[in-house]
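Engineer: Take a look at the following structure, please.
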Amino acid sequence: MNIEEVVAEVQSGDKQAYRVILQHYERQMYTYCYYILKNHAETEDAVQEIFIRAYENLYQYNRRVSFSAWLYKVAYHHLINLKKKKIRWLNLIKQVEKQNEHFEIAFSQHETIVSQLLTYLTAEERHILLLKAVEQYTFEEISEIMGLKSATVRKKYERLRAKLMDRICKKGEKVHGAYAAHGLR
Numbered sequence: 507m508n509i510e511e512v513v514a515e516v517q518s519g520d521k522q523a524y525r526v527i528l529q530h531y532e533r534q535m536y537t538y539c540y541y542i543l544k545n546h547a548e549t550e551d552a553v554q555e556i557f558i559r560a561y562e563n564l565y566q567y568n569r570r571v572s573f574s575a576w577l578y579k580v581a582y583h584h585l586i587n588l589k590k591k592k593i594r595w596l597n598l599i600k601q602v603e604k605q606n607e608h609f610e611i612a613f614s615q616h617e618t619i620v621s622q623l624l625t626y627l628t629a630e631e632r633h634i635l636l637l638k639a640v641e642q643y644t645f646e647e648i649s650e651i652m653g654l655k656s657a658t659v660r661k662k663y664e665r666l667r668a669k670l671m672d673r674i675c676k677k678g679e680k681v682h683g684a685y686a687a688h689g690l691r
């Protein structure tokens, strides 16, 4: 029985006959895909997907061209689509990496600026700032932690905030953005 007869049987509903097609073309299809993809795992996946796609679209096959040529056309288009997807994913990954680089640089710069600003504060002011802005404690909780009156903590926080804002403005830095994110509102 030749391949064209097997194809006709599959088109007539004999699903088991498709095994003959698989066995006949599997090695050729693997070799073709491997030369394009250059990766065994991707090649195995691609070959399976090609045979599934060919089976699903077998009703479109007609005998104007050989079945072999038709199957290779299915493979060709599938491989082109895989390459396009891979390129899109690689471009997306590059964009994400580039954004992460920019974010890391910006974060590093902001971290440096915040560290510099903290050097202008006394130890007590740094504690108040960190407990309020970073740890998100209330003035009452900070007063308990530090053994100060709540009103004193609130006033010291307002003063240290004004001190930092004044320092930021003197340096010509932006008041919003990273500073607001660190609780200097």
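Adding 506 to a residue's 1-based position in the sequence shown gives its number in the working numbering. Backbone N, C-alpha and C fix where the C-beta goes; we use that ideal spot for every residue, glycine too. Note that the structure is predicted; figures quoted are calculated from it, not measured.
1. In three-state terms, what does DSSP make of Tyr565?
2. For Cys539, which residues in the same chain have their Cβ closer than 7 Å to its Cβ, ignoring the five residues on either side in sequence?
3. Could you pull out every residue in the same chain whose Cβ sits closer than 7 Å to the Cβ of Phe573, ignoring the five residues on either side in sequence?
4. Determine the direct distance from the alpha carbon of Arg660 to that of Lys590, and round the result to whole angstroms.
5. Skipping 5 residues on each side, what residues in its chain have a beta carbon closer than 8 Å to that of Tyr626?
6. In whole angstroms, what separates the C-alpha of Gln522 from that of Gln529?
7. Is the CB-CB distance between Gln517 and Leu564 below 7 Å?
8. Could you check if Lys638 is buried or exposed, using at least 16 other CB atoms within 10 Å of its CB as the buried criterion?
9. Classify Ala560: buried if its beta carbon has 16 or more other beta carbons within 10 angstroms, exposed otherwise.
10. According to DSSP, is Tyr626 helix, strand or coil?
11. Which residues mark the beginning and the end of the alpha helix (DSSP H) in which Ala514 is found?
12. Might you give, ordered along the chain, the residues of its own chain that have their beta carbon closer than 7 Å to the beta carbon of Tyr531, omitting 5 neighbours on each side?
Structural biologist: Reading off the structure:
1. helix
2. Thr549, Ala552, Val553, Ala581, Leu585
3. Ile509, Glu510, Val513, Tyr567
4. 59 Å
5. Lys669, Leu670, Arg673
6. 12 Å
7. yes
8. buried
9. buried
10. coil
11. 509-517
12. Leu577
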